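Per the working numbering, the sequence shown runs over residues 23 to 384. C-beta: ideal position from N, C-alpha, C; glycine also. Every value quoted in this text rests on a predicted model; they were computed, and no experiment measured them. Everything on this sheet refers to the single structure shown next.
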Amino acid sequence: MLHDSSLLFQYVLKGTITQALLNWYGHYARKLPWRAPYGKLQDPYIVWISESMLQQTMVATVEPYFARFMTAFPTLVDLARASLDDVLRLWQGLGYYSRARNIHYTAHILLKDHEGMFPNNAQHLQELPGIGPYTAAAIASMAFGEPVVAMDANVTRVIARLFALSDRKYCAQHAQNLCPAKYPGDFNQALMDLGAQYCRAHQVVCTLCPLEMFCLAYRENQPFMYPYPKEKAEKRTRYALFFCALSGGHLLLERRPEKGLLGGLYGLPTTPWTETLQNTTPIDTPIKTVQWLLLHEITHTFTHFRLHAHILYAQVPWREKGNEERFLWVPYTQLAHYGIPTVFKKALKHDLIAKISKIQKE
Ligand code: SF4
Numbered sequence: 023m024l025h026d027s028s029l030l031f032q033y034v035l036k037g038t039i040t041q042a043l044l045n046w047y048g049h050y051a052r053k054l055p056w057r058a059p060y061g062k063l064q065d066p067y068i069v070w071i072s073e074s075m076l077q078q079t080m081v082a083t084v085e086p087y088f089a090r091f092m093t094a095f096p097t098l099v100d101l102a103r104a105s106l107d108d109v110l111r112l113w114q115g116l117g118y119y120s121r122a123r124n125i126h127y128t129a130h131i132l133l134k135d136h137e138g139m140f141p142n143n144a145q146h147l148q149e150l151p152g153i154g155p156y157t158a159a160a161i162a163s164m165a166f167g168e169p170v171v172a173m174d175a176n177v178t179r180v181i182a183r184l185f186a187l188s189d190r191k192y193c194a195q196h197a198q199n200l201c202p203a204k205y206p207g208d209f210n211q212a213l214m215d216l217g218a219q220y221c222r223a224h225q226v227v228c229t230l231c232p233l234e235m236f237c238l239a240y241r242e243n244q245p246f247m248y249p250y251p252k253e254k255a256e257k258r259t260r261y262a263l264f265f266c267a268l269s270g271g272h273l274l275l276e277r278r279p280e281k282g283l284l285g286g287l288y289g290l291p292t293t294p295w296t297e298t299l300q301n302t303t304p305i306d307t308p309i310k311t312v313q314w315l316l317l318h319e320i321t322h323t324f325t326h327f328r329l330h331a332h333i334l335y336a337q338v339p340w341r342e343k344g345n346e347e348r349f350l351w352v353p354y355t356q357l358a359h360y361g362i363p364t365v366f367k368k369a370l371k372h373d374l375i376a377k378i379s380k381i382q383k384e
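Laid out in structure tokens, this is it:
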């Protein structure tokens with residue numbers, strides 16, 4: 023819903039709205055380890071790593087990961103010189119592992135082609151792998167002071183309510199119109215804080231919001247009308263068999279192909295993840311002739327689909343070698359050194375070893 027006269031009023035007030043937001047941020051900004059003090063620019067490396075971690079992930083989850091990551095790789099050069107396995111290991115549990123692979127790859131590019139410097143504007147930042155419009159705008163505004171708005175779900179929601187916009191596609195233009203030439207990074211972070219704390223999807227605290235007196239949705243007493251909810255796509259289920267081969271205190275792991283979901287990470291060998299369960303033995307693994315027993319089943323939810331996996335177990339008499347770049351026998355005691363994604367960790371839980379010894383006794 024658009025209110026032309028009210029919108030005109032908002033534009034006349036735009037400097038006042040922006041200033042109210044910045045004043046509020048100066049007093050009440052969340053204290054986060056990756057943030058510069060009010061009015062100051064931040065190191066682009068810090069903005070990049072924190073924003074990459076924060077995509078689809080809660081602040082409280084990111085904080086310990088960010089601390090460990092910055093201790094291991096305090097500079098861009100440290101990250102570029104690290105192995106991908108070390109980077110993935112520190113990312114273990116954060117999910118969306120393509121982000122970790124991209125930041126590692128991009129660190130190499132920045133070192134090789136840009137003398138270790140970040141481009142200083144959103145347009146050129148977006149030419150780097152894994153840096154989309156949001157992250158580019160966040161780095162450009164918070165580290166270089168470029169007046170560009172970083173539109174994420176929180177910012178979109180606040181702007182939609184402030185201007186009573188039902189359609190998300192108009193929000194970026196309205197936000198950009200408010201973005202100040204001075205302190206654009208603080209402006210972006212103020213909107214992020216409002217969206218995360220007071221102007222939430224299903225809960226608002228308008229009385230504490232610095233935009234209350236300007237907010238059209240508040241005036242209508244209809245904050246939840248804006249923006250229209252997105253239609254949720256139905257998640258499909260895929261099926262797979264996971265093969266848990268054990269031999270003399272070792273577990274067989276497979277390094278997944280670089281391209282695709284969980285690329286480059288170690289997990290259990292699996293059948294392809296398909297929409298019907300294919301009851302096949304593992305293809306290409308060094309294990310061919312053992313009898314597999316069903317241990318348990320798990321369901322794991324990814325962004326766009328659900329995976330239902332049957333976990334099969336076999337005790338293998340000796341550790342046959344296969345393609346050594348792909349398959350690896352890892353002692354149980356060293357499993358923690360591999361960046362094993364949550365779906366495989368889930369498969370390996372349920373007191374796996376106890377179940378196995380029980381099966382062996384029967
Ligand atoms: S006044 Fe209420 S609805 Fe409007 S932006 Fe603030 S918290 Fe959101």
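Asked, Found
"Complete alpha helix (DSSP H) runs within the region 303-367 (minimum length 4 residues, chain order)", "none"
"Beta bridge counterpart(s) of residue 393 as assigned by DSSP", "Nothing can be reported for residue 393: it is not among the residues displayed for the chain, which extend from 23 to 384."
"Any non-hydrogen atom of the ligand SF4 closer than 7 Å to residue 102 Cβ", "no"
"6 Å Cβ shell around residue 360 - same chain, five flanking residues per side excluded", "288"
"Residues that DSSP places opposite residue 272 in a beta bridge", "269, 353"
"Check: residue 234 C-beta below 7 Å from any heavy atom of the ligand SF4", "yes"
"Same chain, Cβ closer than 7 Å to residue 155, neighbours up to 5 away in sequence not counted", "148"
"Other residues of its chain near residue 166: CB distance less than 6 Å, five sequence neighbours each side excluded", "142"
"Coarse secondary structure for residue 35, derived from DSSP in three states", "coil"
"Check whether residue 180 and residue 273 have beta carbons under 8 Å apart", "no"
"Length of the line joining the Cα atoms of residue 211 and residue 111", "29 Å"
"At least three beta-carbon pairs within less than 8 Å, the region 75-95 to the region 185-194", "no"
"Enclosing alpha helix (DSSP H) for residue 87 [first to last residue]", "81-94"
"C-alpha gap between residue 65 and residue 316, whole angstroms", "51 Å"
"Pairwise C-alpha distance: residue 172 and residue 295", "35 Å"
"Segment limits, alpha helix (DSSP H) that includes residue 156", "155-166"
"Residue of 335, 177, 350, 333 minimising C-alpha distance to residue 341", "350"
"Simplified DSSP state of residue 263, which is helix, strand or coil", "strand"
"Cβ separation of residue 322 and residue 333, assumed to be a contact under 8 Å, to the nearest whole Å", "The pair is not a contact, with the Cβ atoms about 12 Å apart (cut-off 8 Å)."
"Residue 298 beta carbon less than 8 Å from that of residue 262", "no"
"CA-to-CA distance, residue 119 to residue 67, given in whole angstroms", "19 Å"
"Residue(s) in a DSSP beta bridge with residue 277", "288"
"Residue 288 CB to nearest heavy atom of the ligand SF4 below 7 Å", "no"
"Sheet register partners of residue 40 (DSSP bridge)", "Residue 40 is not bridged to any residue."
"Check: residue 240 C-beta below 7 Å from any heavy atom of the ligand SF4", "yes"
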